[in-house]
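To start, the structure itself, in structure tokens.
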Amino acid sequence: MAEDQFELIHQEIDGVNSEVESARLREYFKKHPDAEQFHADLSQLNAVLAQVEDVPSPEGLRQDLLAALTAQRPPRTDEFRQPVRPGGLVLRYGYFLAAGLVLGVAVHAWWAGRESGPQLPGVSGTMAPSAATSHVLEQVQIAQESLHGSVQLRRRQSGYLLDLQLASPRQVDVVVAYGAGSLGLAGFAQTDGGLLALVAHEGRVEWTHEGVHGYTLRLHGQAGDGASITVGFHEQGRRIAEKVLHLPADS
Amino acid sequence: MDADTPLVADCRRGVSGAFETLLDRYEQPVFNVALRMVNNMEDARDITQSVFLKAFEHLNSYDSRFRFYSWIYRIAVNESLNFIKKYQGHDESLGGDHPSPERSPEDAASQADLGQLIREGLMALKSEHRAVIVLKHFRGFSYREIGTILDLPEKTVKSRLFSARKFLRQALCANGAFELTDGKWLKTSLS
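Residue numbers (this note's numbering), protein chains in the order written: chain P, 1 to 251; chain H, 252 to 442.
And the structure:
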């Protein structure tokens with residue numbers, strides 16, 4: 001089949017041929033039944049594809065997006081910056097770092113409820129039983145004077161979920177470092193539906209916790225051999241706890 | 252001036268509700284582009300979220316000489332392509348179709364088969380071919396519009412689309428959606 005006719009056939013399917021071009025094609029079909037068959041095949045393919053309907057958006061996506069966008073709107077400086085604490089601030093919540101990826105993410109409870117771990121007593125919200133396929137890789141407890149809770153690492157099909165259940169009467173800066181390799185932050189949720197300012201750098205996210213809350217981080221990708229996730233907790237610039245969760249070597 | 256232009260202008264001025272209206276318009280189409288590209292609900296959800304966050308973040312750099320939908324679909328396709336590139340070999344199947352509730356069970360089952368078979372066929376294509384099929388057949392864009400979205404000359408769009416159709420046809424024959432009988436291409440699983 002000549003290149004010109006091939007193009008005309010496709011254009012006929014797309015309905016963009018002129019009258020003259022369509023007539024030329026019909027004439028061509030009379031002498032070339034293979035071309036006519038090809039046209040029929042493409043018409044059928046076109047008809048089949050036209051039957052495919054859009055899939056509805058996942059429930060809650062709009063709410064998640066609006067929550068994330070709310071968090072991403074540049075807030076007033078005095079609302080965004082954390083109070084400077086004596087003794088030097090290890091975690092700097094300044095405005096978007098030049099070298100780092102900066103992201104303000106906050107997601108409503110609904111999202112986290114879909115893929116969250118066990119609920120701590122006292123954590124309000126709408127955490128639903130997990131509907132997603134994931135299994136627990138490791139769980140560690142935190143039992144410090146001013147901070148209690150747990151950190152749980154779960155594997156899901158396309159990455160990992162890190163669930164933190166924290167209880168602290170004072171402000172604690174939380175830093176989750178997952179390396180700058182092939183893992184990337186895909187989502188973040190505070191499970192009681194609060195809106196939270198989260199600062200994400202390359203391979204690391206930071207936020208400030210106070211009270212009793214659950215958090216879920218969704219990490220996408222595959223970790224390399226020996227990779228780990230380090231979760232550090234700091235109070236007034238002083239590290240009060242650090243937990244290292246190891247990713248399986250075969251992941 | 253297209254219908255999105257005033258909304259984009261409102262967004263830039265910080266008018267409440269403007270971005271939400273754009274979200275209403277494009278959430279489902281963008282999600283479906285991502286879904287056809289990556290064939291995974293969770294990944295498509297993540298990509299959709301990323302698309303709108305990027306659009307919102309870069310709204311001030313959006314060039315209003317172009318249509319907003321071209322811009323948002325370009326972000327959607329690029330995000331999907333980046334995802335595919337980054338997670339190559341990542342191949343999770345979609346856990347079932349999501350027919351709309353108005354359809355009869357028979358129609359729903361048929362649509363589920365159809366959707367699944369087409370998705371499988373699409374996944375057999377190179378991502379660049381998949382993108383033109385998605386934009387042409389599932390979003391109904393013209394060659395020129397696809398060229399604008401993908402930043403390709405119209406001639407390249409046509410050439411890519413025509414090749415993509417050929418490969419998709421082969422893929423659908425291979426996965427049993429169609430079969431060649433007596434020289435005719437017959438639907439088997441699809442009614």
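The beta carbon of each residue, even a glycine, is placed where N, CA and C say it ideally should be. Please read all numbers here as calculations on a predicted model, not as lab measurements.
Taking 8 Å as the upper bound on Cβ-Cβ separation, chain H lies near residues Ala40, Asp41, Leu42, Gln44, Leu45, Asn46, Val48, Leu49, Ala50, Gln51, Val52, Glu53, Asp54, Val55, Pro56, Ser57, Pro58, Leu61 and Arg62 of the stretch 39-63 of chain P.
In the displayed model, serine 18 (chain P) falls within coil according to three-state DSSP, outside both helix and strand. According to the DSSP assignment, lysine 406 (chain H) belongs to no beta strand (DSSP E) but to the alpha helix (DSSP H) extending over 405-425. Put simply, the stretch 281-289 of chain H touches the stretch 372-381 of chain H. At least three CB pairs are less than 8 Å apart.
Excluding residues up to 5 positions away in sequence, Gly221 and Gln222 lie with their Cβ nearer than 6 Å to the Cβ of serine 182 (chain P) in the same chain.
Separation of arginine 156 (chain P) and glutamate 405 (chain H) (C-alpha to C-alpha, rounded to the nearest whole angstrom) is 41 Å. Valine 266 (chain H) counts as exposed, since fewer than 16 other C-beta atoms from the protein chains shown sit within 10 angstroms of its C-beta. The continuous alpha helix (DSSP H) containing aspartate 261 (chain H) extends over residues 255-264. In the three-state scheme derived from DSSP, where H, G and I count as helix and E and B as strand, glutamate 371 (chain H) is classed as helix.
Here the stretch 23-37 of chain P does not lie against the stretch 227-238 of chain P, with fewer than 3 beta-carbon pairs under 8 Å apart.
At the C-beta level, glutamine 165 (chain P) and glycine 149 (chain P) come within 8 Å of one another. Within the DSSP bridge table, the entry for serine 228 (chain P) names P:His246 as partners. Between isoleucine 397 (chain H) and the set H:Leu376, H:Asn329 and H:Lys337, the nearest pair of CA atoms involves H:Asn329. DSSP, read as helix, strand or coil, puts tyrosine 313 (chain H) in coil. Close to phenylalanine 6 (chain P), with beta-carbon spacing below 9 Å, are these residues of chain H in chain order: Phe413. In the three-state DSSP reduction, histidine 201 (chain P) falls in the strand class (E or B).
The DSSP assignment places 292-308 and 319-337 as complete runs of the alpha helix (DSSP H) inside the stretch 273-343 of chain H, in order along the chain (cut-off: 4 residues). For lysine 377 (chain H), not one C-beta of chain P is nearer than 8 Å to its own C-beta. The alpha carbon of leucine 25 (chain P) has as its nearest neighbour, out of P:Val16, P:His246, P:Leu8 and P:Pro33, the alpha carbon of P:Leu8.
At a cut-off of 8 Å, the C-beta of asparagine 329 (chain H) has no neighbouring C-beta in chain P. Between leucine 137 (chain P) and alanine 186 (chain P), the gap from beta carbon to beta carbon reaches 8 Å or more.
Per DSSP, reduced to three states, the secondary structure at arginine 395 (chain H) is helical.
Against alanine 186 (chain P), the close residues of chain H are Asp297, in the order they occur along the chain (beta-carbon pairs closer than 8 Å). Close to chain P, meaning a Cβ-Cβ distance shorter than 7 Å, are the following residues of the stretch 302-313 of chain H: Phe303, Leu304, Phe307 and Glu308. Between glycine 366 (chain H) and chain P, the shortest Cβ-Cβ separation is below 8 Å. Proximity of chain P to arginine 420 (chain H) at the Cβ level (cut-off 7 Å) is accounted for by Asp41 and Leu45, in chain order. With respect to phenylalanine 307 (chain H), leucine 69 (chain P) sits close: the two C-beta atoms are nearer than 8 Å.
In terms of Cα proximity to histidine 246 (chain P), the closest of P:Gly15, P:Gly232, P:Tyr178 and P:Pro33 is P:Tyr178. DSSP links aspartate 64 (chain P) through a beta bridge to no other residue. Rounded to the nearest angstrom, the gap between the Cα atoms of alanine 67 (chain P) and serine 315 (chain H) is 26 Å.
Against alanine 68 (chain P), the close residues of chain H are Gln300 and Leu304, in the order they occur along the chain (beta-carbon pairs closer than 7 Å).
Check the Cα spacing between arginine 170 (chain P) and each of P:Thr208, P:Asn46, P:Gln141 and P:Ile13: the tightest is with P:Thr208. The DSSP-derived three-state label of aspartate 54 (chain P) is coil.
For glycine 214 (chain P), there are no C-beta contacts with chain H under 9 Å, since the nearest C-beta of that chain is about 20 Å from it. For glycine 366 (chain H), the three-state secondary structure derived from DSSP is helix.
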